[in-house]
DNA sequence: ATTACCATACTACCATACAAGTTTCTCTTT
DNA sequence: AAAGAGAAACTTGTATGGTAGTATGGTAAT
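Protein chains in written order, with full-length UniProt numbering: chain A, 1 to 227; chain B, 1 to 227.
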């Protein structure tokens with residue numbers, strides 16, 4: 001009688017697994033901009049058929065992370081400066097609004113999570129564990145959005161900021177300023193605790209727009225990674 | 001010798017055509033929330049195989065417009081109030097920022113396009129051509145974003161505001177306030193021409209958040225369309 | 001040496017076949 | 001009549017085959 005859900009509590013299709021794996025590699029620059037991605041090649045690599053590979057390409061193409069040229073090939077998208085600038089604009093606007101909301105009301109649980117995150121950041125900083133810091137940085141901002149019930153906003157924004165992340169990653173290859181980033185994170189949390197909207201937003205704006213001027217230099221240095 | 005691009009200046013795959021057609025129908029409520037979409041059915045309807053249908057579903061699922069239940073079926077997503085609220089938040093923040101940018105500098109060509117758009121709005125208003133007004137409204141805001149070189153921001157935002165559009169469409173089925181919408185559009189353009197940032201942003205904020213309170217009533221009236 | 005041409009080996013796109021899980025209906029049993 | 005078991009008709013997920021367009025490399029003609 002009762003159909004009810006019989007299974008699949010956390011079923012993840014091959015398509016989604018491939019999508020996530022590729023996306024991670026593209027954003028982290030494990031796969032460099034401009035690299036050719038053949039359906040057959042990837043199918044062989046992941047030991048699956050072309051179908052789930054293709055469908056993951058469809059998703060990545062929608063986000064602009066790969067470029068599909070019909071009958072010619074699929075490339076990891078080059079870094080588009082226009083996209084990077086817009087991603088920064090979007091992030092700047094939204095993150096500032098979020099942090100002001102956070103000043104008005106933020107769950108106690110979230111504050112604890114933020115503190116915990118900051119502790120881990122400090123640790124990773126001492127250990128110079130760059131990859132993990134990158135993840136913690138992402139998580140820090142995601143926590144702020146989640147804390148004011150704007151998870152979907154974060155997710156949507158992330159579709160564009162993926163491009164920004166790629167340029168950030170490129171920049172951080174030879175220029176570490178994690179110390180400053182960490183300190184700004186601390187200041188932001190402190191301002192939130194004081195409910196000091198103005199300061200929090202000001203630091204956030206500075207925080208997001210830091211490194212804005214380096215983009216042209218990166219383009220000079222790695223011209224073949226840019227569109 | 002010269003490989004060059006031999007063809008396909010504006011080739012659109014079946015997948016993309018199906019995607020666009022379905023998306024339009026979902027947002028315009030031609031296909032109602034909760035409707036079952038079978039791959040086989042759609043394949044028969046569009047007279048193509050399941051493959052391009054499936055791939056269009058993948059895209060729609062990524063935007064949250066359809067919900068794929070493995071081995072069970074694919075549904076047009078119900079309207080999620082949380083998504084609608086967040087879409088409104090995101091739009092409010094970004095549109096206000098955009099209109100302020102527009103006050104600072106906007107291409108003359110864009111201003112003309114806006115004026116032309118407003119004329120058409122007025123005409124459609126008199127003719128009560130609702131569907132076309134809806135399109136013109138979209139175009140009006142898209143023009144503002146394009147005028148300050150934030151097309152990608154508009155496109156990314158649209159991924160979330162599609163959900164908002166659906167609730168707006170539902171609301172407009174029995175409640176026409178296009179006159180007010182048109183007047184606000186006029187005021188916004190006038191403020192931009194005066195380079196009056198404050199007023200422009202204020203009206204825009206009001207413009208975006210109009211109808212915010214109706215969502216609960218809609219949920220009451222059409223409960224089976226909501227999640 | 002250079003150019004034109006053609007065969008070949010790619011590519012992604014679409015169609016189809018098979019697999020595995022879910023729902024629904026029917027028939028049997030009580 | 002009600003309930004349970006099982007077959008059949010769905011569903012989406014994955015694999016594979018065929019097609020058309022593109023890039024490449026070799027060959028022949030100039």
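Glycine included, each C-beta is placed from N, C-alpha and C at the ideal position.
Check: Closest by C-alpha distance to residue 164 of chain A, when choosing among A:214, A:116, A:117 and A:42; Outcome: A:214
Check: Span of the beta strand (DSSP E) around residue 75 of chain B; Outcome: 73 to 76
Check: Any alpha helix (DSSP H) of 4 or more consecutive residues that is wholly inside the segment 103 to 189 of chain A; Outcome: 108 to 127, 130 to 147 and 151 to 172
Check: Complete alpha helix (DSSP H) runs within the UniProt domain "HTH gntR-type" (12 to 79) of chain B (minimum length 4 residues, chain order); Outcome: 14 to 27, 39 to 46 and 50 to 62
Check: Distance CB(residue 110 of chain B)-CB(residue 147 of chain B) smaller than 8 angstroms; Outcome: yes
Check: C-alpha gap between residue 31 of chain A and residue 208 of chain A, whole angstroms; Outcome: 25 angstroms
Check: Beta-carbon proximity of residue 144 of chain A to residue 179 of chain A, cut-off 8 angstroms; Outcome: no
Check: Chain A within 8 angstroms of residue 17 of chain B, Cβ atoms only; Outcome: no
Check: Segment contact, 8 angstroms Cβ cut-off, at least three pairs: the segment 194 to 201 of chain A with the segment 77 to 88 of chain A; Outcome: no
Check: Own chain, CB closer than 7 angstroms to residue 151 of chain B, minus 5 neighbours either side, in chain order; Outcome: 145
Check: Listed by chain order, chain A residues near residue 97 of chain B by CB distance under 7 angstroms; Outcome: 93
Check: 8 angstroms Cβ cutoff, residue 205 of chain A in contact with chain B; Outcome: no
Check: Check whether residue 203 of chain A and residue 220 of chain A have beta carbons under 8 angstroms apart; Outcome: no
Check: Cβ neighbour criterion (16 or more within 10 Å) applied to residue 10 of chain B; Outcome: exposed
Check: Residue 89 of chain B - partner residues in DSSP beta bridges; Outcome: Residue 89 of chain B is not bridged to any residue.
Check: Chain-ordered neighbours of residue 62 of chain B on chain A, where CB pairs are closer than 7 angstroms; Outcome: 59 and 62
Check: 7 angstroms Cβ shell around residue 131 of chain B - same chain, five flanking residues per side excluded; Outcome: none
Check: Cutoff 8 angstroms; reference residue 54 of chain A; Cβ partners in own chain excluding five residues on either side; Outcome: 39
Check: Below-8 angstroms beta-carbon distance, residue 52 of chain B vs any chain A residue; Outcome: no
Check: Chain-ordered neighbours of residue 11 of chain A on chain B, where CB pairs are closer than 7 angstroms; Outcome: 70
Check: Neighbouring residues, chain B, relative to residue 150 of chain A (Cβ below 9 angstroms); Outcome: 86, 89 and 90
Check: Within 8 angstroms, strictly: CB atoms of residue 159 of chain B and residue 35 of chain A; Outcome: no
Check: Short-range partners of chain A found in the segment 17 to 50 of chain B, where Cβ spacing is below 8 angstroms; Outcome: none
Check: Unbroken alpha helix (DSSP H) run spanning residue 196 of chain B, endpoints; Outcome: No alpha helix (DSSP H) holds residue 196 of chain B; DSSP gives it neither H nor E.
Check: Contact set between residue 160 of chain B and chain A, taken where Cβ atoms lie within less than 8 angstroms; Outcome: 152, 153 and 156
Check: Neighbour-count burial assignment, residue 59 of chain B, 16 or more Cβ in a 10 Å radius; Outcome: buried
Check: Environment of residue 24 of chain B [buried if 16+ CB atoms lie within 10 Å]; Outcome: exposed
Check: Closer than 8 angstroms to chain A by CB, residue 215 of chain B; Outcome: no
Check: Where residue 212 of chain B falls, given that 16 or more other Cβ within 10 Å makes a residue buried; Outcome: exposed
Check: Close-in-space but distant-in-sequence residues of the same chain around residue 22 of chain A (CB under 7 angstroms, 5 per side omitted); Outcome: 56 and 60
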